[in-house]
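Enquirer: When we follow the numbering used here, the leftmost residue of the sequence shown carries the number 792, and every step to the right adds one. Idealized CB from N, CA, C, for every residue including glycine. Nothing here was measured: the structure is a model prediction, and the numbers come from that model.
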Amino acid sequence: MPSASFPALRLRRARSSAWSRALVAETVLTPSDLIWPLFVTEGEGVEEPVSALPGVSRWSVDRIVDRAREARDLGIPCIALFPNTPLGLRDERGSEALNPDNLMCRAIRAVKDAVPEVGILTDVALDPYTADGHDGITDAAGYVVNDETTAILVEQALVQAKAGADIVAPSDMMDGRVGAIRAALERDGHVNVAIMAYAAKYASAFYGPFRDAVGSRGLLKGDKKSYQMDPANAEEALREVALDLAEGADYVMVKPGLPYLDIVRRVKDRFQAPVFAYQVSGEYAMIEAAAAAGAGDRDALVLETLIAFKRAGCSGILTYHAAHAARLLIDG
Ligand code: PBG
């Protein structure tokens, strides 16, 4: 039997009206696909706009609680917290990361108390706490040492879990840290605290505005290429994902987002695990800059990039546009 071809088959037929486009849409984006990253700062009633991220602010703990309520009301299931640790509390060992009363833990507790129905994802890495802006402990040569750093990350994850974190997300790229964190969580009775591994995290030029937001940009000595991945590599990303899943990661993440959708798709095709992507700060800034320059419609750019993540195979997306996108989706 000959297969149908033109003119019997006109693919534009299904595109000819809004209802039929909706009927055949292969991918949907809803607020429940979004994780909203938020920056926490000291004080009360504080909102500090982050100039490199127009529309994004650091919030004091009380105002973070308001953001969590906003997330709940918009149907955003989960928020991700990142602290801007006061400069005086940063040291070579990132000690403040282990303080059960640090900014992060106070924010976690406040959100859990007020809005328990919203999930809290916490960043496990030392860069908001170290004097040199690195994700771990550096030796005399400036090398970030793996095993010593991992031991501290395990303690950091436990401190966050005790404060009420639902998902701990190691973003440090040390070898073996997922297994070590999983074992410690089990030992401590946190059996339902999940791990979202920043499994394929690249040494990217798109993190600049984030480093401003957590106050580490000016501090950072050198680069992170000895632990974050080379943007040239894809096979290595699959090995990273395989290892993190074997060590007990519940979810894996690819980061940055749009420039790495090929990695998302390959991970999705290869592994039976939820895959997330982080549309990072530089990507957000690019969209905002493009819209401000008149290069495209902001709302359309936001929704098109987010549906691209879903099409590539993401279960969800971390994006600074989460609240705005959710509003657009709700308003149709
Ligand atoms: C660091 C961390 C970074 C981001 C999340 N966690 C920056 C880095 O690795 O230097 C970047 C997120 C963004 O750019 O939005 N542990």
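1) Just the Cα atoms here: how many angstroms apart are GLY1104 and THR1110?
2) Nearest to SER995 by alpha carbon, out of GLY1009, LEU1092, GLU1031, SER1017?
3) Whole angstroms is fine: what's the gap from VAL909's alpha carbon to LYS903's?
4) Taking three-plus beta-carbon pairs below 8 angstroms as touching, is the stretch 806-826 in contact with the stretch 1085-1104?
5) Please state whether the Cβ-Cβ distance between GLY1039 and GLY970 is less than 8 angstroms.
6) Cβ atoms of TYR998 and TYR1051: under 8 angstroms apart, would you say?
7) Which residues mark the beginning and the end of the alpha helix (DSSP H) in which LEU999 is found?
8) I need the boundaries of the alpha helix (DSSP H) containing LEU1049, first residue and last residue.
9) Could you spell out where the beta strand (DSSP E) holding TYR993 opens and where it closes?
10) Candidates ALA991, ARG900, ALA956: which alpha carbon is nearest HIS981's?
11) Do VAL915 and ILE972 have their beta-carbon atoms positioned less than 8 angstroms apart in this structure?
12) Near LEU1011, what residues of its chain come up, given a Cβ to Cβ distance below 6 angstroms and the 5 sequence neighbours on each side ignored?
13) I need the boundaries of the alpha helix (DSSP H) containing PHE1100, first residue and last residue.
14) Sorry if obvious, but does the Cβ on ASP963 come closer than 7 angstroms to a heavy atom of ligand 1?
Expert: According to the data block:
1) Here residue 1104 corresponds to residue number 313 of the sequence shown, with the count starting at 1. Here residue 1110 corresponds to residue number 319 of the sequence shown, with the count starting at 1. Approximately 16 angstroms between the Cα atoms of the pair.
2) Within the sequence shown, numbered from 1, the residue matching residue 995 stands at position 204. For the options GLY1009, LEU1092, GLU1031, SER1017, the alpha carbon positioned closest to that of SER995 is the one of SER1017.
3) Taking the first residue of the sequence shown as position 1, residue 909 is located at position 118. Taking the first residue of the sequence shown as position 1, residue 903 is located at position 112. C-alpha separation (whole angstroms): 8 angstroms.
4) Taking one beta carbon from each stretch, the stretch 806-826 and the stretch 1085-1104 have 3 or more pairs nearer than 8 angstroms; the two touch.
5) Working through the sequence shown from its first residue, we reach residue 1039 at position 248. Working through the sequence shown from its first residue, we reach residue 970 at position 179. Against a cut-off of 8 angstroms, the Cβ pair of GLY970 and GLY1039 comes out as a contact.
6) Numbered from its first residue, the sequence shown carries residue 1051 at position 260. Numbered from its first residue, the sequence shown carries residue 998 at position 207. Result no, Cβ atoms of TYR1051 and TYR998 do not sit closer than 8 angstroms.
7) For the purposes of this step, residue 999 is taken as the residue at position 208 of the sequence shown. Note that residue 999 corresponds to Gly in the displayed sequence, not to Leu. Its alpha helix (DSSP H) spans residues 999-1004.
8) Translated into positions along the sequence shown, residue 1049 becomes position 258. Premise fails: LEU1049 is in no alpha helix (DSSP H) and is neither H nor E.
9) Translated into positions along the sequence shown, residue 993 becomes position 202. Taken as a continuous stretch (DSSP letters only), TYR993 belongs to no beta strand (DSSP E), as it is neither H nor E.
10) Mapped onto the sequence shown, residue 981 falls at position 190. Residue nearest to HIS981 within the set ALA991, ARG900, ALA956 is ALA956 (criterion: CA-CA distance).
11) Position 181 of the sequence shown, counted from the first residue, corresponds to residue 972. Position 124 of the sequence shown, counted from the first residue, corresponds to residue 915. Taking 8 angstroms as the Cβ cut-off, ILE972 and VAL915 qualify as a contacting pair.
12) Mapped onto the sequence shown, residue 1011 falls at position 220. GLY924, listed in sequence order.
13) The count along the sequence shown starts at 1 and reaches residue 1100 at position 309. 1089-1103 is the extent of the alpha helix (DSSP H) around PHE1100.
14) Your numbering for residue 963 matches position 172 in the sequence shown. Flag set: Cβ of ASP963 near ligand 1.
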